[in-house]
Every structure is written in structure tokens, then in C-alpha cells.
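Colleague:
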Amino acid sequence: MLNLIWAIVVGFFVGLLARFLLPGNDKMGFILTTICGVVGGVVGTYIAPYIPFLPGGTIGSLIASTIGAIIILVVLRIVRR
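Just so you know, we're using my numbering here: the sequence shown kicks off at -1 and counts up by one.
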């Protein structure tokens, strides 16, 4: 149960970081930002082995999750048009 809460908290901060790095007029609230970050973490887990310059450990996971969340934001922008 604690892992799920931790994933939601980290997902929220990853979603905020992704929205900060990819500015724009996103009408997203707290919940959608958190979902974007959590899903970005899942996407980042799958794309991490294909990024050769990614460091290992926690920093690498955070970078991969942020890249995944940015990908999710770009997809959401394309779908919302």
C-alpha cells in the first residue's frame, strides 16, 4: 500500500516537472497532473533501456519518468485538438 502512495506522490512531482519543462496552456488540474506523472513513470520504465546516456539509480528513474510524462503531455495535446 505504501508503494502505491509513494508512486502517486512521486508521479505528482514528475507531472509538475514535465509541465514546467513543456510550457503551454494545459487546462489540467491536480488529478490529471498526477495521472500524467504516474503514467509517465510507467512509460519511462519501458523507454529507459533505450536511452544510452541515462544514469542508473534514482536519478535515472526520475529522468526517465519525466521524459515519459513529457511524451504523455505531447500525446494529450495532440488528442485534445
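Even glycine gets a Cβ: it sits at the ideal position worked out from N, Cα and C.
Computed from a predicted model, the values in this text were never measured in an experiment.
1) On the three-state DSSP scale, how would you describe I45?
2) Please state if the CB of V77 and the CB of G39 are separated by a distance shorter than 8 Å.
3) When you compare the CB positions of T64 and A5, do they come within less than 8 Å of one another, or not?
4) Does the separation of the CB atoms of R79 and G22 fall below 8 Å?
5) Taking L19 and I68 to be in contact with their CB atoms under 8 Å, please state how far apart those CB atoms are, rounded to whole angstroms.
6) Do you know whose CA, among L60, L2 and I29, lies nearest T43's CA?
7) If you draw a straight line from the alpha carbon of G27 to that of V72, how long is it in whole angstroms?
8) Are the beta-carbon atoms belonging to L35 and G9 less than 8 Å from one another?
Modeller: Reading it off the structure:
1) Helix at I45.
2) For the pair G39 and V77, the CB atoms are not nearer than the 8 Å cut-off.
3) Cβ distance not < 8 Å, so T64 and A5 don't count as in contact.
4) Going by beta carbons, R79 and G22 fall outside the 8 Å limit.
5) Their Cβ separation, rounded to whole angstroms, is 6 Å, which keeps L19 and I68 in contact under 8 Å.
6) Taking each of L60, L2 and I29 in turn and checking the Cα distance to T43, the smallest one comes out for L60.
7) Straight-line Cα distance between these residues: approximately 16 Å.
8) Note that residue 35 is Gly in the sequence shown, not Leu. Judged by beta-carbon spacing, G9 lies within the 8 Å limit of G35, meaning their Cβ atoms are closer than that value.
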